[in-house]
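Okay, structure first, notes after.
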Amino acid sequence: MGEVPFHSDKKKKRRSRRSKNISGLPCPSLDHSPHEQSDCLNHGSPLAGTTPAVLYDSCSLPAMDTSGLPHLSDVTASQNQYNGSTSFAFPHLAQDLSSRAAYSLQEKGYVPINQFKDRHQKIFTPHWSLEATVEALNRGNAFKAVFRTNVHNRVEAYCKIDGVPVDILINGIASQNRAVEGDIVAIEVDPLSCWTNLKGTTAQSITSASSGSCMMAADVSEKVNLAIVEHGVNCVNIYNGESSGHGEGFSCQLFGNNVQMEVVESVSKICYDICSSPLKRPTGKVVAILEKSTRRDSIVGCISTKKWVQHVAWYKSYYKKSILSLSELGYIELMPANLKFPKMVVPVGNLPDAIQKRLIDGDITLEREIVAAKIDSWQEDDPFPMARIINTFGRAGEIDTHVNSILFENNICCSEFSAESLSCLPGGDWSIPPEELENREDLRRKCIFTIDPPTATDLDDALSFENLSNGNFRIGVHIADVSYFVPPDSALDREAQERATSVYMLQWKLPMLPPLLSEDIVSLNPGVDRLAFSIFWEISPDGVIFNWWIGRTVIHSCCKLSYALAQDIIDLENPDTAAYPCLHANVEWAEVIRAVKNLHRASKKLKEKRFVDGALRLDSPKLSYLFDDFGVPYDGMMSKRYDANFLVEEFMLLANRTVAEVISRAYPDNVLLRRHPEPNPRKLKEFKAFCCKHGFDVDISSSGHLHQSLERIKQKTGDDAVLFDIIVNYATKSMQLAAYFCSGDQKIPVHEWGHYALAVPLYTHFTSPLRRYPDIVVHRTLAAAIEAELIYSKEHPGSTDVNVAVKRCFTGASFDKSAADSILGKEALSAAALKHKLLQAESLTEVAGHCNERKIASKAAEDACHRLYMWVLLKNKQFLVSEARVLGLGPKFMSIYIQKLAIERRIYYDEVEGLQAEWLDATSTLVLSFSHKRLNRKGTPSKWRPLEEVALVVNPADSKSEDWLGANENCSVTSRNATSGKSPNYFSLSDCDVEPPLLPVTVHMFSMIPIAIYAVSGEDRPLEIEARLYVSSYFG
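Numbering-wise (full-length UniProt numbering), the sequence shown opens with residue 1 and increments by one.
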C-alpha cells in the first residue's frame, strides 16, 4: 500500500455515491409493499374515472438516522428499466430492429427507444385540472406548497403546509409527479395508514417524540381555536377531529384571509394524526403544478456524448448507410450540476447548430464543457424531462466558465446598465443644490466617519458620537440618501428593482446601481458633502433610549476607518496616529479616537440589553481566500470578526428597528418590513434531542432561552471549539429564512410579523440602500412620514410662522396618534404618500416577493462561488490532509465536520473492496478493518467500489518517511509566498503533521479522525469536494 492513490482524474470517471443514490428513479419501499403504496397514491383523487398507471414504488427514508438510507443495490432493479443508456437511443429502432439486433445492442449497452418511451403506458399520474385543483384547495383536500428536494437523495422531497408543524414527505418519483425544485405545487396528503415509519427511533425516544409532536400540534390547535373564536365561530377540537357548526365565509387569521373552514379542519386533522402517531412521518403526492419554477429555464450541467458517438458508428456499420435526418439522431443525456434536479434528455435535433456539428463530427470534448439548458416539457409518458440546450459556457474546471454558469443558474443580471437608466444619472460634476442645503439639517461640522472593510467602495453608513450635559450620549447613524437620486417609476428605479440587490462574488461585484452613484455621488466618501438620512438617539450610559430624531441631512465624513484600524483604536490606550489616514472637516484624531471608544462602550451595553431581551446569535466560521495576481486562490484563512464589526452591526440593528417602528405607525397598511419566522419545530426538537443525547441541556422554548443554553454549552465545552461549532451548526439548520413582506398582506397575521432571532416585533432594512432595493423603498416611506410632519406642522391651527419648529408627531419616539387620526393628519400623510409615490399593498407585496427571490438567488450565487474557489484551491494541490470531527455515524456512512474548511461531508464505507465495516448498534460504534475477501452482502460485485474511492491508505513506514512527504509536498494547502510568522488563522499544513491511524480503526460519535480532502474533477460532473479516510495498513 505504499503507493498513494491520487486524484480521481487518474482513474475511471464515475458518479459519486451520492449522485447514484439520487438518480431520477425511485427505490423500493423500506416500510411497506408496493401494493400498499399504490393504494396510497390513488387515494382521494378528485378525478373520477381516471386510473393512474404507477410504475414506481416510493421509498421511505428516515429523517435523521444514517442507517436507514437506501443501499445502492436497492435501486438497481428500478434503474435497469430506465438507465443512463436510454439517452443514446434512436426512435426508429423500436420498429426496425430484429430481436437478434436488439439483443446485440443491449449487449453493447444500448437500449432501444421503446424502453425509454412507451407511448402505450403512462409513467406518471395525470395532473388534476385547474378547476378540480382549485376546488380541492378550497375544500382542504389539497394544499398549496413549494416543492423542495433533498440534495442527498433526489427521490425524497418535502413540502410545507401552513399550520402543519412538520414537512410533508413526497417520496419517490411517482409521488413527485414531474415537479422539480422550486415549483409551486398542489399536494394531497396520504391517509395515516400510508405514512412512513421514522427510522432509527429507539424505545427511549418514543415518549419524547410523542410529547414533542403533541406539543407542536397543541400549539397549532391553540392558534387555530384562537383565530376561530376571534371570528365568532366555535372551536375545532383537533384531538378528535370534530368541529361544530360555523358561519359561511369564515376566514382564519392563522392561514390568511379567504380560507374556508374545511381547510382549517383538514389542517387540524393532519396535526391530530401527527400527535397521535409520533413515529410516523406524513407523506403525500403532487397532484398539480400551480406555478413552474423559474429555475426550469436556467439549468446548468454537462452532456454525455461518448456512447452516442459509438451508437452512430454502430448504426452506420449495421445498416450500411448514413443518418438521413436529424430526427433520427435520438437523444443525449444532460446531467444537471445541481443535484436537486433529475437527469434530462435532449433531442439531438434540437441542439444548436454549432453543437450539432461538433457532435456529428465525433467531438467528445463536448463532455468537458458546461452547458446552459432549459426544461421544455415533461410528459406523463416520459421518464425524464425533455430539455433544450441554449449555449455553452466553456471548459469545466475553469474559473470564468463556472462563474458565468453560476450567474446564469441563479438568473443574476451581469449586463451593463441600460442607456435609459444611465440617462437618469446626474453629471459627474454634480454638487448639492442650494434648496437641499436650505431644507435639510446641516451636519457638515460634526465628527462623522465611516467604518468599513478596506476594499469597500460603496459606503452606505456613517457614525457620530456626542456627550450631552445631562450625562447621556447622542449617537448618530447617517445613511446615504439614495432615494433622492432614484425617482420612483424611472428607468433607473425599474432596473434597480429588477436587480434588487448587489451580488458579491469574492473577485467580482455586480452592483444594483451604476458605479457613478454607488461608488461616487451617493457613497459617503470622506472629504465631500453628501446627502443623508440621519437618526440621533439620546441614550443613557446603561443603554436606555430616551428619545430620537430622524431627518434628511447634509453630512461631511471626516475619514474612512477600516475595521482593523477601528479595532486598534479600541484596543490601544494611546494609538499612534502617524500612519492613520488624513482627516477632513477640521477634525482632530483625538476627537475620532474618543468617539470610537465611546461608541464601542455604548454598543456593548446595547448588545447586552438586546440579549437580555431575548435575542439569539448563531455565528458560523467562514473561510476567506488569498488570491495571486491572476485572481487564483493560493491560500485560505478563517475569517475573524472584531469588536469593531459588532460595534457597527449594533447601531445598524438599532437604526433598522427604529425606522420599522416609525414607518409602521405612520403608514400601517403599506410598509415594507422584514420578518424571521420561528424555527422549524421538527428540526428544533431534533436538535434538542441531539444535545440531550450527548449530555447538553437545551431550552428551545424561545430565542432567548436557546441563546442562553448555547452560552452554557460554550462554557461547558471549554477549549473544544470544534464541538461547539458543530452544535451551533446543528442549531442553525432548524432556522428558517427571514423574508420581506408588506404590512398590508392579509396572508401574514400580525403575530407573525416579528423577528425571531432579534426578538423584536417589528424590523426592516434601512441601512444599505446602495446595495438593497428594499432599503430604497423604506427610505421613500420614511421621507413621506417626515414630509407629512412638515405639512401637518404648517397647517396645524396656531402655526402661523412658516419657520416654526416641526412638531415630531409622526417620526419621534412618542407617536401622536390623535394627530395621525385627525382629518388634517390623514390629509398630510396622504399628500406625502402621493408626493413620494408610495406603493399600495398589492404592488408592495409583489416587490417584497421579488426581492425575497433575488436575495435567495444572490446568496446561492455567493455560496456557489465560495465553493468554486475552495474547489480550485484544492484542485491546485493533490489533496489536503486534515482532521475532522464525526457528527453522525451509522452502518453505511458517517457525517464529518472539517473545521479548517468549515464544511460538512459524508464518507460511505459499505460495500468497498478491501474494507470491512462492522457496526455495533448497542454502543453506536464503528470498527473499520482491512479485508482480503468480499463479505456476503446484498450488493452485486459490479457495484462494489474500489478502496481508493473511500480511503487514502498508506504504508506506515511510507507515511513517516521524509521522502514520501517530499514527493507529496502539495498534500496540504500551502501559501505560494510562504513566510515565517504566519497568522495562526491560516490552515496551511505544510508539515503534514496529521498521522494516519493503523487499521483496524474504532470510531465513535464526536471522534477526531484523519481525512484526505480531494477536489473531484469537474469535467464530466458537478464540482465536488470529497473526503476520504486517511489510514495506514501493512496489508494490501
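All C-beta atoms in this analysis are idealised placements derived from N, C-alpha and C, irrespective of residue type, glycine included. No experiment lies behind these values; they were computed from the predicted model shown.
Cβ of residue i within 8 Å of Cβ of residue j?
{"i": "leucine 599", "j": "glycine 704", "result": "no"}
{"i": "alanine 491", "j": "glycine 614", "result": "no"}
{"i": "glutamate 787", "j": "alanine 832", "result": "yes"}
{"i": "threonine 450", "j": "lysine 597", "result": "no"}
{"i": "threonine 149", "j": "lysine 292", "result": "no"}
{"i": "valine 287", "j": "glutamate 135", "result": "no"}
{"i": "isoleucine 475", "j": "isoleucine 539", "result": "yes"}
{"i": "histidine 779", "j": "phenylalanine 1006", "result": "no"}
{"i": "isoleucine 700", "j": "isoleucine 713", "result": "no"}
{"i": "alanine 861", "j": "valine 503", "result": "yes"}
{"i": "glutamate 367", "j": "lysine 306", "result": "yes"}
{"i": "glutamate 333", "j": "serine 304", "result": "yes"}
{"i": "serine 483", "j": "isoleucine 776", "result": "yes"}
{"i": "arginine 665", "j": "phenylalanine 815", "result": "yes"}
{"i": "cysteine 447", "j": "cysteine 302", "result": "no"}
{"i": "arginine 530", "j": "isoleucine 555", "result": "yes"}
{"i": "asparagine 656", "j": "threonine 501", "result": "no"}
{"i": "lysine 622", "j": "phenylalanine 646", "result": "no"}
{"i": "valine 927", "j": "arginine 1028", "result": "no"}
{"i": "tyrosine 869", "j": "tyrosine 625", "result": "yes"}
{"i": "tryptophan 548", "j": "alanine 783", "result": "no"}
{"i": "glycine 330", "j": "aspartate 190", "result": "no"}
Within 10 Å of its beta-carbon, does residue i have 16 or more other beta-carbons around it, so buried, or fewer, so exposed?
{"i": "asparagine 470", "result": "exposed"}
{"i": "arginine 296", "result": "buried"}
{"i": "residue 1040", "result": "Shown here, the chain extends from 1 to 1036; a query on residue 1040 therefore has no answer."}
{"i": "arginine 100", "result": "Note that arginine 100 scores a pLDDT of 39, beneath 50, so its modelled location is shaky; the value from the coordinates is reported in the next line. Exposed, because fewer than 16 other Cβ atoms sit within 10 Å of the Cβ of arginine 100."}
{"i": "asparagine 338", "result": "buried"}
{"i": "proline 434", "result": "exposed"}
{"i": "asparagine 578", "result": "Asparagine is not the amino acid found at residue 578; the sequence shown has alanine there. Under this definition alanine 578 is an exposed residue."}
{"i": "proline 426", "result": "exposed"}
{"i": "serine 882", "result": "buried"}
{"i": "arginine 445", "result": "exposed"}
{"i": "isoleucine 823", "result": "exposed"}
{"i": "arginine 854", "result": "buried"}
{"i": "glutamate 265", "result": "buried"}
{"i": "proline 383", "result": "buried"}
{"i": "phenylalanine 124", "result": "buried"}
{"i": "glycine 349", "result": "exposed"}
{"i": "glutamate 3", "result": "Note that glutamate 3 has pLDDT 38, beneath the 50 cutoff, so the model's placement of it is unreliable and no number is given."}
{"i": "glutamine 106", "result": "In this prediction, glutamine 106 has a pLDDT of 40, which is less than 50 and means its spatial position is unreliable; what the coordinates show is noted afterwards. The residue is exposed, with fewer than 16 neighbouring Cβ atoms inside 10 Å."}
{"i": "valine 592", "result": "buried"}
{"i": "phenylalanine 546", "result": "exposed"}
{"i": "histidine 751", "result": "exposed"}
Quickly, what does DSSP pair residue i with across the bridge? List them, please.
{"i": "alanine 636", "result": "Alanine is not the amino acid found at residue 636; the sequence shown has glycine there. Note: glycine 636 sits in a beta bridge opposite Tyr625."}
{"i": "glycine 397", "result": "DSSP output for glycine 397 lists no bridge partner at all."}
{"i": "asparagine 197", "result": "Lys280"}
{"i": "phenylalanine 465", "result": "Ile475"}
{"i": "residue 1060", "result": "With the chain covering 1 to 1036 only, the question about residue 1060 has no answer from this structure."}
{"i": "threonine 811", "result": "Note: threonine 811 sits in no beta bridge, so no partner."}
{"i": "valine 1031", "result": "Val953"}
{"i": "histidine 556", "result": "Asp529"}
{"i": "threonine 450", "result": "Lys560"}
Continuous beta strand (DSSP E) assignments of at least 3 residues falling wholly in the stretch 624-703: 633-638, 672-675
Assess, as a yes-or-no matter, whether the stretch 503-522 is touched by the stretch 560-572 under the definition of 3 or more beta carbon pairs within less than 8 Å. no
What residue ranges within the stretch 725-807 form continuous alpha helix (DSSP H) runs of no fewer than 4 residues, ordered along the chain? 773-795
Taking the runs of the beta strand (DSSP E) that are 3 residues or longer, which of them lie wholly in the stretch 475-515? 503-505, 508-510
With three or more C-beta pairs closer than 8 Å as the rule, is the stretch 664-672 touching the stretch 154-167? no
Should the stretch 756-772 be regarded as contacting the stretch 828-845, the criterion being three or more beta carbon pairs within less than 8 Å? no
4-residue-minimum alpha helix (DSSP H) runs that sit fully inside the stretch 336-377, ordered along the chain: 353-360
Touching or not, the stretch 908-917 and the stretch 732-744, by the rule of three or more beta carbon pairs under 8 Å? no
Whether or not the stretch 265-284 and the stretch 191-198 are in contact is what I'm after, with contact meaning three or more pairs of Cβ atoms, one per stretch, closer than 8 Å; do they touch? yes
Determine, using beta-carbon pairs with one atom in the stretch 352-363 and one in the stretch 393-400, whether at least three such pairs fall under 8 Å. no
Measuring CB atoms only, is the stretch 690-697 touching the stretch 163-179, in the sense that at least three cross pairs come out at less than 8 Å? no
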